[in-house]
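Everything in the sequence shown is counted per our numbering, starting at 1375 for the first residue and increasing by one.
Please read the structure below before turning to the comments.
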Amino acid sequence: MRGQAKSQPEFLTLVCPESVVPQDHPLREIKRRVDQALRELSPLFNRMYAHEGRPSIPPERLLKAKLLIALCSVRSETLFCEQLGYNLLFRWFLDMDLSGPAFVQSAFSKNQERLLQHRVAQKFFRAVYALSRQEEWASDEHFTVDGTLIESVASLKSFTPKDSLSGPSDDDAGNPAVDFHGQQRRNATHQSMTDPEARLYRKGKGKEAKLYFAAHALMENRHGLLSDIQITSATETTESKTALTQLRQHAKRTGVAAATVGADKNYHNAEFVRGCRNQDLAPHVAEIKGRKVEGLDGRTTRQASYEVSQRKRKRVEEIFGWMKVIGGLRRSRFTGIARTGLWAYFVGAAYNLVRLARLALGPPVVVAAR
């Protein structure tokens, strides 16, 4: 029998967002851990807001919204606020009922400085990683370091000489024509008008130069969880120096010193190897043929643990891939190192939450072939 569509919908429907979300939905495991991490940050939220005046949007709700943007690959905060008006899954995750009004994009902008001032994103990321240690998913002994590039939101057209930052102009004020053919443009003499902290950088020979930030990741080797993420200038801070700082800070936070650290050939230099030895770390660094570095020889590379570290270190590329493709970190949505770093912490926390939710389900069931 052919069904008929109702032209007149029901005026009154009793529905709860909790009832429409399947019990086995992956966001349930993520939401449980997010709520646990946010409860630990509740004293911080009390200090961030005044005790008098008009109530604001709960900070827990704004942080959850940031996570949803990364988890669901929403391309902008404006689009997320639009979807919040009709997306029941989003409302359930944010603990909102159906009658509550959706907030607007300016709510994120107005709270940006507050989040930066109190380092909320960084503390939330640390709280999520602390959950992985409590659940005994993370290793405290074996780590991997690596770096990647995050493209700036600024255009190459905005990269102009520092002594003439007025910029090009023609009939098209929004997208002026720029001819920099034959000009030698360098970070020492030029600067982006849109994002002054972005630096012109080229990945390698034959690659085009773009405006970038540098992202530095510290990964634990047991299950490939992100232990730390930092955004720095693409040219003013070396990968080796940042990695050593991350390892030292991680040991100070956890109270446990790492035993080994894996890395690719970019870390095969005296600065990194010597820094690892000073921290009583075994530098499991991929060697560059023909280069001799004191502190890294056959006594290290012949160990079975060295081969394990070299195999495990490749998993850090999975983190970068997820953060760039799913989390939208391939190109920064914000200007400046601080704001880009704030977003990187939320994307990194989202990645760890996805990993923890999958680990909690256990290994996949293997079906024997008949």
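Where is the CB? At the ideal position from N, CA and C, for every residue including glycine.
A straight line joining the alpha-carbon of L1592 with that of K1639 spans about 16 Å.
Of all C-beta pairs linking the segment 1619–1631 to the segment 1547–1556, fewer than three are shorter than 8 Å, placing the two stretches out of contact. Residue state for V1667 is assigned as strand, using DSSP reduced to three classes. Of the other Cβ atoms in all chains shown, fewer than 16 fall within 10 Å of the Cβ of P1535; this residue is therefore exposed.
V1519 has L1592 as its beta-bridge partners, per DSSP. Pairing S1532 with S1526, the inter-Cα distance amounts to about 11 Å. Uninterrupted alpha helix (DSSP H) stretches at least 4 residues long and entirely within the segment 1392–1429 occur at 1400–1414 and 1416–1422, given in chain order. For S1683, same chain residues with a beta-carbon under 8 Å away, outside a window of 5 residues either side, are H1516, T1518, N1595, T1634, V1635, G1636 and H1658 in chain order. In the structure shown, D1602 adopts extended strand secondary structure according to DSSP, grouped into three states.
Minimum Cα-Cα distance from L1523 among the listed residues L1727, A1731, F1694 and G1722 corresponds to F1694. Cα atoms of A1631 and Q1496: separation of roughly 21 Å, rounded to the nearest angstrom. By the CB criterion at 9 Å, Y1641 and A1656 fall outside the cutoff. Distance from the CA of L1574 to the CA of L1388, rounded to the nearest whole angstrom, comes to 56 Å. In the same chain as S1393, and ignoring 5 residues on each side of it, no C-beta atom comes closer than 6 Å to its own.
With fewer than three CB-CB distances shorter than 8 Å, the segment 1446–1455 does not count as touching the segment 1425–1437.
Excluding sequence positions up to five before and after E1692, its CB lies within less than 8 Å of the CB of G1598, all in the same chain and listed in chain order.
Excluding five sequence positions before and after R1407, the CB atoms of its chain that fall closer than 8 Å to its own CB belong to V1502, L1505, L1727, L1730 and A1731, given in chain order. Listed in chain order, the non-local C-beta contacts of R1687 below 6 Å within the same chain comprise T1518 and G1636, local neighbours out to five positions each way being set aside. With fewer than 16 other Cβ atoms from the protein chains shown falling within 10 Å of its own Cβ, D1471 counts as exposed. Taking the Cα of R1421 as reference, the smallest distance to any Cα among T1606, L1530 and Q1491 is reached at Q1491. For a cut-off of 8 Å, the C-beta gap from F1464 to L1442 is around 6 Å, short enough to register as a contact. Looking at E1571, L1670, K1666 and T1675, the one whose alpha-carbon comes closest to that of G1710 is E1571.
Assignment of alpha helix (DSSP H) within the segment 1448–1509, counting only whole runs of 4 or more residues, yields 1451–1458, 1462–1467, 1480–1491 and 1494–1508 in chain order. Spatial neighbours of S1513 in its own chain (CB-CB distance under 7 Å, excluding positions within 5 residues in sequence) are listed in chain order as E1594, N1595 and R1596.
Within the DSSP bridge table, the entry for E1525 names Y1586 and R1705 as partners.
Counting the other CB atoms within 10 Å of its CB gives E1613 a total of 16 or more, which places it among the buried residues. Following the DSSP letters along the chain, one finds P1550 in no beta strand (DSSP E), marked with neither H nor E. D1520 is positioned such that its CB atom lies no closer than 9 Å to that of H1624. In the three-state reduction of the DSSP assignment, Q1565 falls in the strand class. Taking each of M1697, F1646, C1390 and R1560 in turn and checking the Cα distance to A1724, the smallest one comes out for M1697. H1597: not part of any alpha helix (DSSP H); DSSP gives it neither H nor E. The C-beta of I1404 has 16 or more other C-beta atoms within 10 Å across all chains shown, which makes the residue buried. Taking a 10 Å sphere around the C-beta of Q1604, we find 16 or more other C-beta atoms and assign the residue as buried.
The closest CA to that of S1473, considering only A1588, V1699, C1390 and S1381, is found on C1390. Within the DSSP bridge table, the entry for S1683 names no partner.
G1722 and F1499 do touch by the CB rule: their CB atoms are close to 6 Å apart, below 8 Å.
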